[in-house]
Amino acid sequence: MTALRIERDVLLAPYTTLQLGGPAEYFARIEGRPQLLEALGWARARSLPVCVLGGGSNVVVSDAGVRGLVLIIAMRGVCFAPPVADRPGEQLLEAHAGEVWDAVVERCVRAGLSGIECLSGIPGTVGAAPIQNIGAYGQELAECLQAVEVLDLTDLTTRWLAHAECELSYRFSRWKRQPGRELVLAVRLALQRGATPNVRYAELQAAVGSTAPDVAQVRDAVLGLRRGKSMLLDAADPNSRSVGSFFMNPVLSAEAALRVLQTSLAQGVIADESALPRYPQPDGRVKLSAAWLIERSGTHKGERRGPVGVSSRHSLALVHHAGGTSAALLALAAELQARVRATFGVELEREPVLLGFD
Ligand SMILES: Cc1cc2nc3c(=O)[nH]c(=O)nc-3n(C[C@H](O)[C@H](O)[C@H](O)COP(=O)(O)OP(=O)(O)OC[C@H]3O[C@@H](n4cnc5c(N)ncnc54)[C@H](O)[C@@H]3O)c2cc1C
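Using my numbering, read the sequence shown as starting at 5 and increasing by one per residue.
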């Protein structure tokens, strides 16, 4: 491990998938725990705020930059636990925060382990995965996340949090409730050996084309679907200069969802009830499709506002083409939100985290 190196005024844009954002006042790359503690001590001695970045694939960084110390978490390490006698099909895996998420998925799929195959191709690091409980194609991290090791930034103690303590739900966790309080050091996943992958999502079922696929087939199908929507990082694909979905799917009370239905019918946006996509949730609420609401409120794929725009392949992804600013991107986001609010009375919530906007 190299010695801790704290740099000044480092431009953050290259550390984000949007390629946007001003400088970090101070910046360090962290490859191990002693380095991490040294950096935190350094910031504390100067009363500087600390913020962490993984792959920068779910952040919008202010054009003015970020005050204090920005840490790139690059602590690596993956280890498979020995089998437990009374749980023969289970394989526990521990991965450190700076591991690339998709490299871990690929390794597990190659080992024939199921549980995270539908999360193939999601950019970013292992440490950020629990922050918004990453999910795709009918699977969520919450389904296999057994525990998370955290460093409490207030008193620098470490501990393992059990699944229930992580407060995971749709794009939510304890770390969303208390941002900046804890740093994720490692995660423990409980995967299944030799089990048939659970393909619940209709679009994925059709792409897999087999009733009993193996994990590798599911991964290939997911990667194919994601590539078609520019939801894989690819330097050659300008549509992938994004944070993936910019908005969450709204989850409304049954009454609020009914109001959206009535408004849509009254405004002639839909001709009959079945035209509004609605996904009933176990708690009685109803999830709506943010992409559908955006498109039906007058936004079209490929729409541009100079250097920023809506992906030509996915109406939920806002794209930075080149030479833009975070301010321009957020203005476009606000425009889409206003259209959805005016048409349906629904408030779309942003998915990425804003850094440096205080
Ligand atoms: C093309 C594309 C497709 C995407 N598709 C999906 C998708 O299908 N499903 C999905 O859920 N997401 C998706 N995303 C969003 C993103 O990839 C995930 O949210 C990912 O987990 C973010 O990881 P990161 O390392 O890049 O986090 P960053 O963007 O670096 O950070 C995100 C947040 O997590 C915090 N954080 C990062 N590391 C740590 C740590 N070790 N401890 C504590 N806090 C930390 C940061 O402070 C920040 O608040 C997509 C993004 C892109 C660009």
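Each residue gets a CB set at the ideal place from its N, CA and C atoms; glycine is no exception.
Everything numeric in this text was worked out from a predicted model, so none of it was measured.
Counting other Cβ atoms within 10 Å of its Cβ, Glu259 stays below 16 and is therefore classed as exposed. Among the bridge pairs identified by DSSP, Lys291 is matched with Val255 and Tyr283. Looking from the CA of Val56, the closest CA among Pro201, Gly45 and Leu73 belongs to Leu73. Secondary structure at His324: strand, using DSSP grouped into helix, strand and coil. Looking at the DSSP output, Asp156 bridges to Glu186. Beta-bridge annotation (DSSP): Pro27 is paired with Leu15.
Within the same chain, and ignoring the five residues on either side of His318 in sequence, the residues whose Cβ sits closer than 6 Å to its Cβ are Lys233. According to the DSSP assignment, Val312 belongs to the beta strand (DSSP E) that extends over Val312 to Val314. Beta-bridge partners assigned by DSSP to Leu41: none are found. Ranked by Cα distance from Arg354, the first of Arg282, Glu207, Met252 and Val290 is Met252. DSSP places Phe250 in the coil class of the three-state scheme, outside both helix and strand. The beta carbon of Ile10 sits no closer than 7 Å to any heavy atom of ligand 1. With a 10 Å radius around the Cβ and a threshold of 16 neighbouring Cβ atoms, Tyr283 comes out exposed. Between the stretch 36–51 and the stretch 109–128, the count of C-beta pairs closer than 8 Å stays below three; the two stretches do not touch.
At least one heavy atom of ligand 1 lies less than 7 Å from the C-beta of Asn62. At least one heavy atom of ligand 1 falls within 7 Å of the beta-carbon of Ile126. For Val63, the enclosing beta strand (DSSP E) stretches over residues Val63 to Val65. Distance from the C-beta of Cys122 to the nearest heavy atom of ligand 1 is not below 7 Å. Not one heavy atom of ligand 1 lies closer than 7 Å to the C-beta of Gln23.
In the assembly as shown, Arg33 is a buried residue. Its beta-carbon has 16 or more other beta-carbons within 10 Å. Membership of Cys112 in the alpha helix (DSSP H) is indicated by the continuous run Trp105 to Arg114. Contact check for Val219 and Val212: beta-carbon distance about 11 Å, past the 8 Å limit, so the pair fails to qualify. The residues Arg309, Val312, Gly313, Val314 and Leu322, in chain order, have a CB closer than 8 Å to that of Leu336 in the same chain once the five nearest residues on each side in sequence are set aside.
Contact between Cys148 and Leu193 holds: their C-beta atoms lie close to 5 Å from each other, under 8 Å.
Per DSSP, Gln95 is one residue of the beta strand (DSSP E) stretching across Glu94 to His100. Considering only Ala101, Ala146, Gly58 and Ser214, the residue with the shortest C-alpha distance to Ile120 is Ala146.
Taking C-beta separations shorter than 7 Å and ignoring five residues to either side along the sequence, the partners of Cys170 in its chain run Pro134, Leu149, Val152, Ser177 and Arg178, following chain order. Going by DSSP, Ala206 is part of the alpha helix (DSSP H) stretching over Ala206 to Val212.
When beta bridges are read from the DSSP output, Glu144 appears opposite Gly139. When C-beta atoms of the stretch 183–202 are compared with those of the stretch 152–169, three or more pairs fall below 8 Å, so the two segments count as touching. One alpha carbon belongs to Gly128, the other to Gln136, and they sit about 12 Å apart. Excluding its 5 nearest sequence neighbours in each direction, Phe31 has C-beta neighbours in its own chain below 6 Å: Glu11, Val14 and Val74, listed in chain order.
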